[in-house]
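In full-length UniProt numbering, the protein residues as written are 1 to 912.
A short write-up of the structure that comes next.
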């Protein structure tokens, strides 16, 4: 629900009205056949208000068991049936209105259509039964698509009436399926891909594109927004999303309505809002892998009618699934989960036209990250040539014999559930923030202000060598990210042929990235070339020089990207007829982007000759340090949208959109030499053609969307040949000349019978490089030139994706005996992805066959949804699948990041 309606009764158009009296009470009016009934009550007399609302509802609506008098006229019967349906909808809306008045429950959207006057002369009615006492309901089960309300266009709209492709994950589905992370989102939304190796290496892709990470000088092509606050750093998505109302995934260029611009899409996370009605919930899970998860929340009034709060907290702990064969050193399995966080909100409603919502949140995780089991270290290139030096051949040197003879593995290659690392430590990821959103209804417009500050920290402690040898103690970039943002929006409220929204946006973001790579006593023997090792290994003095060459040396570096972004945007909806609407949007963004950096090393003994050559080779750039002062540029870019739509019937809408966008370039350096290597902007042109439809009295919803997206200058992390590095390769940010995405997306949801819901969502995606002639070659080819990848499928883009399943509820007694208010429920969700390559250079090490991941549960609960107890499982069949893959080099084997292994347990939920 939009915040301007929070904390005060909902208003409806038509014959009913609700307003606040000067006497500090509420006034409710309703008209039926020209008669008006009006009841006034004070806010502190809720019992009287409930009774009054029931009287008004009885005057306005047909009771549940009303029957129509028999009429032999077919036309009259049809008219009666039509009126009966309309009055049923009116009754539903008035019940929602009554709840809004008596409870001020701001967490529930009112979706019913406005009531219509009922001509008394057209109906004959029987005496209604006395109204039954209403049972308190906590049920918030997943809705059919025709009932889902979204706020992606900065106003509440039914999903089926929004003429753009959107996928929605409901809050109830997130609770039931224990969906808490962006990686979980990808198992519920087709064409969404997520990699979460660690905080910094988190990345999000839509339709196979956008999966970039590990470079703070660029912004993601798929944006993330939480409660109207944009995340400038994709690492901020490394968190648990708890106490969520729903999640919206918007496809295509965004930016003409809110926040920052994004070229490929947006994930919009909407949390639960404070309520003046007291409410509490607890949610607990315990199972295998020492799983212990807990969530709790509370909401209610601090000052009735004026100030409400909402507080929520979570803890998530679970052992990992990857064994570390480092003798008795590691306690438990790696790739575990250890996170906790909380959120506190306040809602102030000083009047019925002014509201303010303040949110403070903090989240922290402390766990092993970047756990990448080694996949392959082939001895030959693809053409049969023997690789002159490899990761395995370096470890085969007699320097490491003592470790190999100890009975402890030196390394593990080829087992996705095992590693051997002696310096595996816990990494840390923290984030926190505060935001304030103010909404003011004035002069038939809504004015919104969103002010926010966020900061995030990533402290990595990885084992950089994937062995039990003392080669690298720690490895990784520490990141501190800060952002400030301010947004002002105005939206028309008066109905008419034209409605519009516009706004101004400003954001300042800055990151401090600090490299830390500490070498150990075995580093020199590992990084030496074969000739260097042979020369020094022959004598005791030479072996000492091998040790001193890198022992205690720490490679250092800093990067300090900084961005100021200013934008003005607007969008107009022209309702040409009741059925036809033309939406036009435009955004202009001005950005100043800067960066500065250093690269060098500290520590280590003074060495000369061969030992110094080993050190300089390992450090890169022949050991030469560099410093670059602040450099950058300013740039202006535009986003635009043309989006006609037409409602053929009330249950069938078609739409078309063409939109363009541009993402600014990036200010960066050559990591080896320090040379300035700024990156060009990224441009996108997108076409969408879709149909949204409801069938069988809105029991079945079917949405189909066709798309064609062309991206020029796509910004991507590339592995390029660099003789100045020890491995011969360097990772850098660059531009891919042209990529094209074409496909179709399907969403279906069918309420088959009461209690049984089926769904099927799927996509076909043809994503290829149209022009990538200077692409990095896969390492196993053994080439020292670039390769032409034009015409090939891009990485991370399976051609077919789908998720499908069912949700079933049935009375405990199956209708045969007393169920005592209880019901059985079960659900099953299967996520499918066809084969794809998950390596950026399309290396063979990144190939992943088609796979399924299946989640499910069965349990018992109260019919009103207050209590639920389930036995649930995630990845029930323990599917092993890649989400990202590296490739071989002269110093490393190919490694992979794998999806989470199976876990199962008992899940309890309660609401009060």
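C-beta: ideal position from N, C-alpha, C; glycine also.
All values reported here derive from a predicted model rather than from experimental measurement.
- Distances from the CA of residue 703 to each of 694, 530, 711, 835 were compared; the closest alpha carbon is that of 694.
- In the pairwise beta carbon analysis, the region 762–770 is classified as touching the region 791–803: at least three pairs are separated by under 8 angstroms.
- With fewer than three CB-CB distances shorter than 8 angstroms, the region 752–759 does not count as touching the region 773–793.
- Residue state for residue 664 is assigned as coil, using DSSP reduced to three classes.
- Bounds of the alpha helix (DSSP H) holding residue 172 are 171–177.
- By the criterion of at least three beta-carbon pairs nearer than 8 angstroms, the region 520–540 is not in contact with the region 586–596.
- Taking all protein chains in view, the Cβ of residue 210 is crowded by 16 or more other Cβ atoms within 10 Å, so the residue is classified as buried.
- When the five nearest sequence neighbours on each side are left out, the beta carbons in the same chain lying within less than 6 angstroms of the beta carbon of residue 909 are those of 283, 868, in order along the chain.
- A Cβ-Cβ contact shorter than 8 angstroms links residue 250 with residue 164.
- Here DSSP, grouped into helix, strand and coil, assigns residue 264 to coil.
- Counting the other CB atoms within 10 Å of its CB gives residue 877 a total below 16, which places it among the exposed residues.
- Taking a cut-off of 8 angstroms for Cβ pairs, the region 402–414 and the region 313–321 do not touch, as fewer than three such pairs fall below it.
- Residue burial is scored here from C-beta neighbours: residue 190 has at least 16 other C-beta atoms within 10 angstroms and is therefore classed as buried.
- Under a 10 Å Cβ-count criterion, residue 788 is classified as exposed, with fewer than 16 other Cβ atoms of the shown protein chains found around its own Cβ.
- Contiguous beta strand (DSSP E) elements confined to the region 330–388 occur at 337–351, 354–367, 374–376, taking only those with 3 or more residues.
- Inter-residue distance for residue 454 and residue 433 is about 4 angstroms (C-alpha atoms, whole angstroms).
- The three-state secondary structure of residue 404, taken from DSSP, is helix.
- Bounds of any alpha helix (DSSP H) do not take in residue 793, whose DSSP letter is neither H nor E.
- Taking 3 residues as the minimum length, the beta strand (DSSP E) runs contained wholly in the region 445–500 are 445–459, 472–492, in order along the chain.
- The secondary-structure analysis by DSSP pairs residue 787 across a beta bridge with 775.
- In this structure, residue 505 sits away from residue 907, with a CB-CB distance that is not shorter than 8 angstroms.
- Put simply, the backbone Cα of residue 536 is about 8 angstroms away from that of residue 544.
- Around the CB of residue 336, 16 or more other CB atoms lie within 10 Å, so the residue is classed as buried.
- DSSP places residue 545 inside the alpha helix (DSSP H), whose first and last residues are 540–550.
- In this structure, the beta-carbon distance from residue 585 to residue 256 falls below 8 angstroms.
- Here residue 617 carries a helix assignment [DSSP, helix/strand/coil].
- In this structure, residue 887 and residue 845 form a Cβ contact; the two beta carbons are roughly 5 angstroms apart against a cut-off of 8 angstroms.
- Within the model, the alpha-carbon separation for residue 609 versus residue 290 is close to 53 angstroms.
- In this structure, residue 264 and residue 206 form a Cβ contact; the two beta carbons are roughly 5 angstroms apart against a cut-off of 8 angstroms.
- Of the residues 632, 354, 497, the one whose Cα lies closest to the Cα of residue 582 is 497.
- For residue 161, the three-state secondary structure derived from DSSP is helix.
- Residue range 523–527 is occupied by the alpha helix (DSSP H) that includes residue 524.
- Burial check for residue 568: the Cβ neighbour count within 10 Å stays below 16, so the residue is exposed.
- In terms of Cα proximity to residue 488, the closest of 447, 456, 482, 881 is 447.
- Taking the Cα positions, residue 371 is about 12 angstroms away from residue 884.
- Nearest to residue 636 by alpha-carbon distance, out of 734, 664, 828, is 664.
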